[in-house]
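*Asks:* Quick one: the structure is below, questions incoming.
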Amino acid sequence: MNFHLYQIAIILVSAIMIFQGVRNYVRGKGSQTIYKLLIRISIWGGMIVVAFFPDTLSLLAKTLGIIDNMNAVIITGFLLVFLMIFKLLSAIERLEQGLSEVTRKEALKDIDR
Amino acid sequence: MPHNKVFIVVPVFNEARVIKDTLKEIQNEGYANIIVVDDGSTDQTYQMANEASDILVLRHRLNRGKGAATKTGIEAAKLLNADIIVTMDGDGQHDPKDIQKLIEPILKKHCDVILGTRLANPKGMPWHKIIANHIGNFFTWYLFGLWVTDSQSGFRAYSHHAAELINTKYDRYEYDSEVIREIYIYKLKFKEIPIEVRYTEYSMNKMHKQNIWNGLITLYKMFWKLIN
């Protein structure tokens with residue numbers, strides 16, 4: 004089996020991401036749960052499968068019915084919109100947490116240490 | 129029993145009608161270290177709490193939610209070198225007589241966290257509240273991996289060790305479930321102890337504000353923060 008450089012890169016990056024997820028889960032680090040780990044493994048594992056067997060994408064496209072360019076454009080558009088909403092919600096979440104932290108610091112500033 | 133290192137944290141939002149009585153009741157049980165966190169109330173809660181003597185009253189300028197206010201109170205207690213931190217609601221539904229039951233296992237070094245559970249004796253508890261609690265328990269177990277009988281109870285006690293480890297980020301009602309997750313992650317020793325809840329006309333009216341819609345929002349936030 005001949006590999007292109009991009010396939011090797013994808014496999015390496017995906018393997019690192021899966022390894023980090025498993026390591027965090029085993030160490031009970033942060034908020035890593037079994038569900039997050041499974042999501043991570045399925046996404047990055049999928050990337051590895053696609054890197055090993057690029058033809059699976061064509062099979063997937065046929066199965067899903069994405070057989071012409073217009074369908075592909077519309078679906079890509081949807082995915083981009085979802086991604087943007089996800090990013091926006093993440094940004095709002097970070098702002099909310101920052102706001103709570105500032106409010107807390109202000110409330111605690113007069114406590115004698 | 130020495131209470132000088134036990135701190136009671138009371139997060140409040142628009143509880144002007146009952147806050148003074150609630151604080152008086154806690155003081156009558158012999159607890160002098162009380163921290164009230166006014167979570168940006170729009171009524172006279174802050175002034176009323178300040179009128180009560182020997183109470184540390186902190187104020188959130190903006191309403192950030194019950195979870196955020198509780199965390200502020202716990203942070204304050206940690207700064208004041210608390211050995212045990214008890215959190216309880218400010219609407220008078222929790223009986224301060226139960227505090228002793230909650231802190232006893234921590235004083236004896238048997239546990240790190242004590243969770244007050246209303247469902248061991250749900251007498252007088254509205255049926256919809258019981259169902260909502262069971263649903264909350266299921267999703268807390270499903271998402272965070274630990275089964276408890278009352279995942280939404282705000283009446284809890286923490287050792288200093290537990291308070292140092294538990295690091296919550298959820299600001300609103302998801303906070304109660306997040307604490308369960310932290311207990312699971314840090315493998316803290318915990319115990320559930322039955323508590324009495326006093327369902328007065330006042331607290332029942334407040335409960336109606338925590339309706340099914342708010343429950344769904346809480347659930348959505350738990351899912352969202354899990355994947356985010």
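As given, the protein sequences belong to chains H and W, one line each in that order.
For the first sequence, the working numbering assigns the number 4 to the initial residue and increments by one for each residue that follows.
For the second sequence, the working numbering assigns the number 129 to the initial residue and increments by one for each residue that follows.
Here a beta-carbon is modelled for each residue, glycine too, at the ideal position from N, C-alpha and C.
Are the C-beta atoms of H:ILE44 and some chain W residue less than 7 Å apart?
*Replies:* For H:ILE44, the answer is no, since every Cβ of chain W falls outside 7 Å of its Cβ.
*Asks:* Three or more C-beta pairs closer than 8 Å, one from the segment 305-321 of chain W and one from the segment 236-249 of chain W: is that the case here?
*Replies:* Flag = yes, the segment 305-321 of chain W and the segment 236-249 of chain W touch.
*Asks:* My guess is that H:LEU111 and W:LEU186 are in contact by the Cβ rule of under 8 Å, so how many angstroms apart are they, rounded?
*Replies:* Going by Cβ atoms, the distance from H:LEU111 to W:LEU186 rounds to 7 Å, so yes, they are a contact pair.
*Asks:* Any idea if W:GLN221 is buried or exposed, counting beta-carbon neighbours within 10 angstroms, 16 or more meaning buried?
*Replies:* Classification for W:GLN221: buried.
*Asks:* Just the Cα atoms here: how many angstroms apart are W:VAL146 and W:LYS349?
*Replies:* Each residue's alpha carbon lies about 30 Å from the other.
*Asks:* Please tell me whether W:THR173 and W:GLU143 are closer than 7 Å, where the distance is taken between their beta carbons.
*Replies:* It is a contact, given that the beta carbons lie within the stated cut-off.
*Asks:* Buried or exposed: where does W:HIS256 fall if 16 or more other Cβ atoms within 10 Å of its Cβ makes it buried?
*Replies:* W:HIS256 is exposed by the Cβ-count criterion.
*Asks:* Taking only the alpha-carbon atoms, compute the straight-line gap between W:PRO250 and H:VAL25 and give it to the nearest angstrom.
*Replies:* Going by the C-alpha atoms only, they are around 41 Å apart.
*Asks:* Going by DSSP in three states, H:LYS90 sits in which element: helix, strand or coil?
*Replies:* Helix.
*Asks:* Considering only C-alpha positions, which residue in the set W:TYR327, W:ASN161, W:LEU347 is nearest to W:ILE213?
*Replies:* Comparing Cα-Cα distances from W:ILE213 to each of W:TYR327, W:ASN161, W:LEU347, the minimum goes to W:ASN161.
*Asks:* DSSP beta-bridge partners for W:ASP167?
*Replies:* According to DSSP, which records beta bridges pairwise, W:ASP167 is partnered with W:HIS188.
*Asks:* Establish whether the CB of W:HIS288 and some CB of chain H are separated by less than 7 Å.
*Replies:* Chain H, which has no Cβ nearer than 7 Å to the Cβ of W:HIS288, makes this no.
*Asks:* With a threshold of 7 Å between beta carbons, is W:ILE313 in contact with chain H?
*Replies:* With 7 Å as the cut-off, W:ILE313 counts as an interface residue toward chain H.
*Asks:* Buried or exposed for W:ASN261, going by 16 or more other Cβ atoms inside 10 Å?
*Replies:* Classification of W:ASN261: buried, given that the 10 Å Cβ count is 16 or more.
*Asks:* Along the segment 264-294 of chain W, what residues have a CB closer than 8 Å to any CB found in chain H?
*Replies:* Within the segment 264-294 of chain W, the qualifying residues are LEU271, PHE272, GLY273.
*Asks:* What whole-angstrom Cβ distance do W:ASP299 and H:SER103 have, given they're in contact under 8 Å?
*Replies:* With a Cβ gap of about 5 Å, W:ASP299 and H:SER103 count as contacting.
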